[in-house]
Each structure stands twice: as C-alpha cells, then as structure tokens.
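2 protein chains.
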Amino acid sequence: METEKRRPAGRPRGFDADEALERALLVFWEHGYEGASLATLTEAMGISTTSMYATFGNKEELFRKALDRYTEGPSAYVTRALEKPTAFDVATALIAGTIQTTTRPAGPHGCLGVQGALATGDAGRGARDLLIGWRDDGYTTLRDRFERAVDDGDLPPTADPALLARYVTTLGYGIAVQAASGIARDELQEMADAALRGWPLL
Amino acid sequence: METEKRRPAGRPRGFDADEALERALLVFWEHGYEGASLATLTEAMGISTTSMYATFGNKEELFRKALDRYTEGPSAYVTRALEKPTAFDVATALIAGTIQTTTRPAGPHGCLGVQGALATGDAGRGARDLLIGWRDDGYTTLRDRFERAVDDGDLPPTADPALLARYVTTLGYGIAVQAASGIARDELQEMADAALRGWPLL
DNA sequence: TGAGTTCTGCATCGATCGATGCGGAAGTCG
DNA sequence: CGACTTCCGCATCGATCGATGCAGAACTCA
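Structure below.
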C-alpha cells in the first residue's frame, strides 16, 4: 500500500482544519448549537463561510464533527474511567473527570453533551437528537460496565447495574448544570465525594 | 378602599392574558428561550405580535413572566416540599416533585429552569442569567431550610447543609436532563429512592 | 353624542439567520 | 508552458429574526 503522502491536486487549504474544528467546538460548547451563529463560528475559526461549507458541509455537520472531537478530547476521561478495575473506581473517576472538564478555568463551563442542545426550536432538532443519542450511548456503556462488575463479583449480585448507571449519569448531568451556573470545582467535588459514599446504594 | 372593579377606559383586551401567558410558558418550556421564536409564541398564544408587545413588553419580559408563572404553577411543589417536617421529607418531596413535573405525560419534558436557557448566544444572555439566579435562589432557600433542620436537631450537627442542598439540587438538575432525553418516570423514581437511601450522606 | 383612551390587524422595518454563485487565486499535473 | 483541480474573497440570496408605525375599531367617560 502507498504510505507515501501525495499532495492532492489543486490549491491547498489555507488553514488547519483540525484547529478550525477545535475553535468551533469551543463556540458550540459555550453558546450551544442555536446560540452559535455561523458568523460567530467562522470568525472564531478564522475562515470564511465558503471555506466552512466546503470543508465541513453545513452547520449541523460541523456540530456533529465538533461533538466527535469533544468525545475524543475533553470527554476522553470517560473512556479512561471505564477501564478502572472496580465499579467504584469507575464511578469515582467518571464523576471526578466530569467535574474537572466542566469547570476548566480556561474554556467554557458545563458539558457540550448537555448544554449543546437540550431544548431547541425546529432548526436545532437534529443537534438535540444527536445529543440525546450521545447521552444514551454513555449510559448504555456504563450500564454494561456495571453488569460486567456484577458478573466479576466486584459488585454484589443484589446490585442493579441499570440503576447505578442511571444514578451516576444523573449526578454527572446535574454537575454539568451546576458548572454552567458557575459553581466552583471544589464545592462540586466535595459534594460528589459525599454522593458516592453510600456506593453501591444498597 | 374601592374594591369595586371599574373597567378601565378604552377598548378592552380581546384575549385572556393569563391563558396567553400559560401558552407562552409551554412554548418556552419545550423549545427554550432561543428556540422559541416570536412567530411560534404568538401563534400558540393566539394573538398578534402587536398585542404581545403591548401586553408583555418584549420577548425577554415575556420569558420573565412565564418563569414567574412556572414558579407558582408547575414548580409550586418546591414551596410545598420546603414545608415538610423533616429534612429527609423535604429532600424526598423535592425530588419526587421534580420527577413528576419533568415527566408529565402531557406537556414538555424537563425543567424550564434548566433547559430554558442553559447555554445561549448574546441574544439569550438575559434569559440565561435570569435562570442562573432562579436556580441559585432555589439552592439558597434549600440550604437555609437544612440549616434550620440542624438547629432543630432534625439533622445531626455534623451534617453539612450547604453540601446537602448542593446534592439535592444536583440530583434534581440531573433528573431534568434525563427527563428531557425522554427517560421514563418510574425509572427515575427508583433511582431517586436509591439516591436518598444514604441520607444524610454521612 | 363627541372626546378621550386603549386595543388590534396589517404592513413593514433593519438586522441577522443559514447557505450559495461566481470568478480569480493558487496549487499539481503532463 | 497550458490544462486541470481546488480553494477562497466577495457579493448576495430568500427566509426569518425581534420589533414597530399607523389607522381604524371598540370601549368609557362627560
């Protein structure tokens, strides 16, 4: 196979698409899908609307790609947390990661997966449904992880993986809302420590 | 004082302002501040934009009044919950009320105070800040209630009222997000029961 | 009845929304 | 070089945004 990177014919792109997407992600994260206008987005990305449409398709596709980048970037703590050895460690790392990510001193407060498009008009329905699916994927993955923990004997047989996953995600979404309101990181972490003290809620 | 209701001079209003506000509330609740256009609002209210502006001021004022109506209507369970005899009863009633209100079979799912304007553009900043204040008021009132519970000996002296209030509100916001995603009422209630099993988180 | 007040239907405002057409610039090829 | 491909700056599209001017309708007063 040709690993050789041949430059494609035609005029090369005058900007870094990855960096432009990162800028777009930050705008969507801070203002939400509907609150982020094309003008605001393209200005932050440093490109014209023409280049944006040529490179990313349209606003909804741009949002979709920004969400993917969010999942693999700021939200990568989720994947790492799921690999922790015990269910308790998973839950603890998940909540800690949520708090860290939603209260970064530099960068938007809150979670893109929550505030990106929670309630929208017709124009934002695509983004809203996309985020509903995104959140549901997170829940399902976490539930599966807890089911495995029951099978492994890490969690007692009486534990309810679906309930535990619902609890942890609920806590995470609630933290995201608190963070969007500007609540401090330390206060949220103290609360979260207490919230997981009764784990696994039996 | 004159209790006699004199009809004001001039042409009387051709619609019920209270009912129009209720309709507007439902639209804001479902689509959020930015997602609710004037056209959508006035169509649901059954009046013209002229009448809307004459009666309610502008879109932001309309939202403000809709939020007040929300507080005294669908969200009135908060006031009732705070009057419960014990802190545990307060927390339980608060969460149960949240679940009931955010998952009404008829009517929008979720909480206006959360999804009304969580992340917005410049145009929605007023509504966003209004809701931040609304949520903060709820937190403060709840914290005060828990402080009273400590003073009364209802909660142990080691209990942290601020932490408990932060926990209950976080749970409530998380439930609101789950409800906006369409999660069923029963599942949320089971989860909430388990979440309050460790009360008061010591 | 006539003066004064208020409400409403219609038309429309400038601004912004997301999205596109076009022609020239900037490259890779033979 | 000349042919071909791609990208970008500029202008602009129709639709919708929130908001208003105006004239007449509908009412209370004296």
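In the order they appear, the protein sequences are chains S and D.
Numbering-wise (numbering that gives the first Met the number 0), the first sequence opens with residue 0 and increments by one.
Numbering-wise (numbering that gives the first Met the number 0), the second sequence opens with residue 0 and increments by one.
Every residue gets a Cβ at the ideal spot worked out from N, C-alpha and C, and that includes glycine.
By Cβ distance below 7 angstroms, which residues in the same chain neighbour residue i in space, the five residues on each side in sequence not counted?
| i | result |
| --- | --- |
| arginine 184 (chain S) | Ile98, Thr102 |
| alanine 80 (chain S) | Val89, Ala92, Leu93, Gly96 |
| isoleucine 46 (chain D) | Phe14, Ala19 |
| alanine 164 (chain D) | Tyr138, Leu141, Arg142, Phe145 |
Where residue i and residue j are concerned, what is the direct C-alpha to C-alpha distance, given to the nearest angstrom?
| i | j | result |
| --- | --- | --- |
| threonine 169 (chain S) | glycine 173 (chain D) | 4 angstroms |
| glycine 96 (chain D) | proline 107 (chain S) | 31 angstroms |
| glutamate 189 (chain D) | glutamine 177 (chain D) | 13 angstroms |
| glycine 137 (chain D) | threonine 157 (chain S) | 36 angstroms |
| lysine 58 (chain S) | proline 7 (chain S) | 26 angstroms |
| proline 160 (chain S) | glycine 56 (chain S) | 40 angstroms |
| serine 51 (chain S) | glycine 115 (chain D) | Correcting the residue type first, residue 51 (chain S) is methionine in the shown sequence and not serine. Cα-Cα distance, rounded: 29 angstroms. |
| lysine 83 (chain D) | proline 199 (chain D) | 16 angstroms |
| alanine 191 (chain S) | proline 104 (chain D) | 31 angstroms |
| alanine 16 (chain D) | tyrosine 166 (chain S) | 41 angstroms |
| arginine 144 (chain D) | glycine 109 (chain S) | 27 angstroms |
| leucine 130 (chain D) | threonine 70 (chain D) | 11 angstroms |
| arginine 63 (chain D) | aspartate 67 (chain S) | 35 angstroms |
| glutamate 60 (chain D) | valine 149 (chain S) | 52 angstroms |
Near residue i, what residues of its chain come up, given a Cβ to Cβ distance below 8 angstroms and the 5 sequence neighbours on each side ignored?
| i | result |
| --- | --- |
| threonine 39 (chain S) | Val26, His30 |
| leucine 162 (chain S) | Leu200 |
By Cβ distance, which residues of its chain are closer than 6 angstroms to residue i, with the 5 residues on each side in sequence left out?
| i | result |
| --- | --- |
| threonine 100 (chain D) | Pro73 |
| methionine 44 (chain S) | Ala19, Arg22, Ala23 |
| glutamate 33 (chain S) | Thr119, Gly123 |
| tryptophan 28 (chain S) | Pro107, Leu111 |
| threonine 85 (chain D) | Asp153 |
| alanine 35 (chain D) | Val26, Phe27 |
| phenylalanine 220 (chain S) | One cannot answer for residue 220 (chain S) here, as it falls past the ends of chain S, which runs 0 to 201. |
| glycine 132 (chain S) | none |
| valine 113 (chain D) | Tyr172, Ala175 |
Which two residues bound the contiguous alpha helix (DSSP H) that contains residue i?
| i | result |
| --- | --- |
| isoleucine 94 (chain S) | 86 to 101 |
| phenylalanine 62 (chain D) | 58 to 71 |
| phenylalanine 55 (chain S) | 48 to 55 |
| histidine 30 (chain S) | 16 to 34 |
| glycine 137 (chain S) | 124 to 150 |
| aspartate 121 (chain S) | Premise fails: aspartate 121 (chain S) is in no alpha helix (DSSP H) and is neither H nor E. |
| isoleucine 182 (chain D) | Counting along the chain, isoleucine 182 (chain D) falls outside any alpha helix (DSSP H), and DSSP gives it neither H nor E. |
| threonine 78 (chain D) | 76 to 81 |
| glycine 9 (chain S) | Careful: glycine 9 (chain S) lies outside any alpha helix (DSSP H) and carries neither H nor E. |
| glycine 112 (chain D) | 111 to 114 |
| leucine 154 (chain D) | Looking at the DSSP string, leucine 154 (chain D) is not in any alpha helix (DSSP H), and its letter there is neither H nor E. |
| alanine 38 (chain S) | 37 to 44 |
On the CB-based measure, 16 or more other CB atoms within 10 Å of its CB, does residue i come out buried or exposed?
| i | result |
| --- | --- |
| glycine 13 (chain D) | exposed |
| alanine 65 (chain S) | buried |
| threonine 48 (chain D) | exposed |
| arginine 142 (chain D) | buried |
| alanine 53 (chain S) | exposed |
| glutamate 41 (chain S) | What sits at residue 41 (chain S) in the sequence shown is threonine, not glutamate. Per the 10 Å Cβ criterion, buried. |
| glycine 171 (chain S) | buried |
| threonine 2 (chain D) | Its pLDDT being 36, under 50, threonine 2 (chain D) is placed unreliably in this model, and the coordinates cannot settle the point. |
| leucine 195 (chain D) | buried |
| alanine 126 (chain S) | buried |
| arginine 134 (chain D) | buried |
| alanine 75 (chain S) | exposed |
| leucine 187 (chain D) | buried |
| leucine 37 (chain D) | exposed |
Are there any heavy atoms of the ligand FAD lying less than 7 angstroms away from the beta-carbon of residue i, as far as the coordinates show?
| i | result |
| --- | --- |
| phenylalanine 145 (chain D) | Here there are no bound small molecules, and the ligand FAD is not part of this structure. |
Any C-beta of chain D within less than 9 angstroms: which residues of the segment 168 to 181 of chain S qualify?
Those residues of the segment 168 to 181 of chain S placed with their C-beta closer than 9 angstroms to a C-beta in chain D are Thr168, Thr169, Leu170, Gly171, Tyr172, Gly173, Ile174, Ala175, Val176, Gln177, Ala179, Ser180, Gly181, ordered along the chain.
Listed in chain order, which residues of the segment 124 to 139 of chain D have Cβ atoms closer than 8 angstroms to some Cβ of chain S?
Within the segment 124 to 139 of chain D, the residues whose Cβ lies closer than 8 angstroms to any Cβ of chain S are, in chain order, Ile131, Arg134, Asp135.
In chain order, what residues of the segment 8 to 38 of chain D put their CB closer than 7 angstroms to some CB of chain S?
Listed in sequence order: Glu29, His30, Gly31, Glu33, Gly34, Ala35, Ser36.
By the 8 angstroms beta-carbon criterion, what residues does the segment 65 to 87 of chain D contribute toward chain S?
Flagged: no residues at all.
Going along the segment 188 to 199 of chain S in order, which residues come within less than 8 angstroms of chain D, judged by CB to CB distance?
Hits within the stretch, in order: Glu189, Met190, Ala193, Ala194, Arg196, Gly197.
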